[in-house]
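This report concerns only the one structure given below.
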Amino acid sequence: MSDIGKIIKISEEGLPKGPVPVNFGIVVFPGFQALDAFGPLDVLNVLSTLFPMNLSIIAETLDPVSTKLPIPHPRRVQSNFGQSILPTHTFATCPPLDVLLVPGGAGGFLPSIQIVVDFVAKVYPSLQYLITICNGADIASSAGVLDGKRATRSKVLWNALTERKTVEWVPRARWVVDGNVWTSSGVSSGLDAIFAFVGAVYGEEVAEQLSDVLEYERHKDPSWDPFADILGIGRKEED
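Going by my numbering, the sequence shown opens with residue 147, and the numbers climb by one from there.
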């Protein structure tokens, strides 16, 4: 048993009452946001010491995928700074999944993101759960899987990127759940969303102990959203 497995002790009452997801996947693309991906993944890393889980890291090719944009951004300082992740599968070779995570990032605004959009549209019908972080919701929206659902995304560029009228965009939310789709707000909100997901699927006792081990103070209210005020989002709806 791992050291973490020795620390976390789940009571019989706190264990899931039925089958839980086994096969997880995350899509990555050039210019993905590091915390969007690695925050939720690290929570799942610890969860995988308690339950059998598989992870597929999915990209267009098996080449390393960087958080750096593949082309210079005209309004950003040009730095040689980023992290790369090594995919395990391509969009063509990905095995069946139970849960798919879709991070955001500046790369999500590039035309090349269409291959990710197409993949999400293709696999969504077979998923148990879809989880988006930040503007990963834009990818899901473009794939049509948010049509008729409540959803949220990063507050940055909110007004310009929530014009798809087939989606009920929620401007004030840390995360939103509609059916089997979980959408979270900007970047760090993915941590609160993934803990809430763990609580809903694996049990709140499991989620609480994971957050204690990771020394993370959760926001448990999905409507908690001070950044909507800071960025002036949603005021009109409440006036």
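Cβ coordinates follow ideal geometry from the N, Cα and C atoms, glycine included.
If you're wondering where the values come from, they're calculated on a predicted model, not measured in any experiment.
Three-state class that DSSP yields for residue i in the structure shown
{"i": "Ala319", "result": "coil"}
{"i": "Val211", "result": "strand"}
{"i": "Leu377", "result": "coil"}
{"i": "Leu360", "result": "coil"}
{"i": "Ala289", "result": "coil"}
{"i": "Glu309", "result": "coil"}
{"i": "Ser202", "result": "strand"}
{"i": "Phe255", "result": "helix"}
{"i": "Ile304", "result": "The sequence shown places Trp at residue 304, rather than the Ile named in the question. Reduced to three states, the DSSP call for Trp304 is helix."}
{"i": "Ala297", "result": "strand"}
{"i": "Leu232", "result": "coil"}
{"i": "Asp324", "result": "strand"}
{"i": "Glu351", "result": "helix"}
Endpoints, beta strand (DSSP E) assigned at residue i
{"i": "Tyr275", "result": "Tyr275 to Thr278"}
{"i": "Ile261", "result": "Here Ile261 belongs to no beta strand (DSSP E); instead the alpha helix (DSSP H) covers Gln260 to Val269."}
{"i": "Ile172", "result": "Asn169 to Val173"}
{"i": "Val245", "result": "Val245 to Val248"}
{"i": "Thr329", "result": "Val327 to Ser330"}
Buried versus exposed, by CB contacts within 10 Å (16 or more), residue i
{"i": "Glu384", "result": "Confidence at Glu384 is low in this model, with a pLDDT of 41, below 50, so its placement is unreliable and no value can be given for it."}
{"i": "Asn281", "result": "buried"}
{"i": "Ala286", "result": "buried"}
{"i": "Thr239", "result": "exposed"}
{"i": "Ser335", "result": "buried"}
{"i": "Gly378", "result": "exposed"}
{"i": "Asp264", "result": "exposed"}
{"i": "Asp338", "result": "buried"}
{"i": "Phe341", "result": "buried"}
{"i": "Phe227", "result": "exposed"}
{"i": "Lys311", "result": "exposed"}
{"i": "Thr298", "result": "buried"}
{"i": "Lys382", "result": "Annotation note: pLDDT 46 at Lys382 (below 50); position unreliable, coordinate value reported separately. The residue is exposed, with fewer than 16 neighbouring Cβ atoms inside 10 Å."}
{"i": "Ala306", "result": "exposed"}
Rounded C-alpha distance that separates residue i from residue j
{"i": "Pro176", "j": "Pro257", "result": "12 Å"}
{"i": "Asn200", "j": "Pro241", "result": "10 Å"}
{"i": "Gln355", "j": "Ala346", "result": "14 Å"}
{"i": "Trp315", "j": "Thr308", "result": "7 Å"}
{"i": "Ser212", "j": "His235", "result": "16 Å"}
{"i": "Gly325", "j": "Leu232", "result": "31 Å"}
{"i": "Arg222", "j": "Gly251", "result": "14 Å"}
{"i": "Arg320", "j": "Pro271", "result": "25 Å"}
{"i": "Glu363", "j": "Val166", "result": "25 Å"}
{"i": "Val192", "j": "Ile154", "result": "10 Å"}
{"i": "Ser148", "j": "Pro186", "result": "With a pLDDT of only 47 at Ser148, under 50, the local geometry of the prediction cannot be trusted, and no value is derived from it."}
{"i": "Ala283", "j": "Ala289", "result": "10 Å"}
{"i": "Asp209", "j": "Phe178", "result": "15 Å"}
{"i": "Ala205", "j": "Phe255", "result": "16 Å"}
{"i": "Leu360", "j": "Phe184", "result": "13 Å"}
{"i": "Ser300", "j": "Val344", "result": "21 Å"}
{"i": "Val168", "j": "Gln260", "result": "27 Å"}
{"i": "Leu196", "j": "Ala180", "result": "25 Å"}
{"i": "Val323", "j": "His365", "result": "15 Å"}
{"i": "Glu159", "j": "Leu243", "result": "28 Å"}
Start-to-end residues for the alpha helix (DSSP H) that takes in residue i
{"i": "Ile217", "result": "Careful: Ile217 lies outside any alpha helix (DSSP H) and carries neither H nor E."}
{"i": "Val189", "result": "Ala180 to Leu193"}
{"i": "Ser335", "result": "Ser335 to Tyr348"}
| request: Mind the definition here: the segment 203 to 221 touches the segment 364 to 375 only if three or more C-beta pairs lie below 8 Å; say whether that holds. | output: no
| query | Is there contact between the segment 170 to 179 and the segment 247 to 258, where contact requires at least three CB pairs shorter than 8 Å? | reply | yes
| query | Using 8 Å as the Cβ pair cut-off and three pairs as the minimum, do the segment 327 to 344 and the segment 272 to 279 touch? | reply | yes
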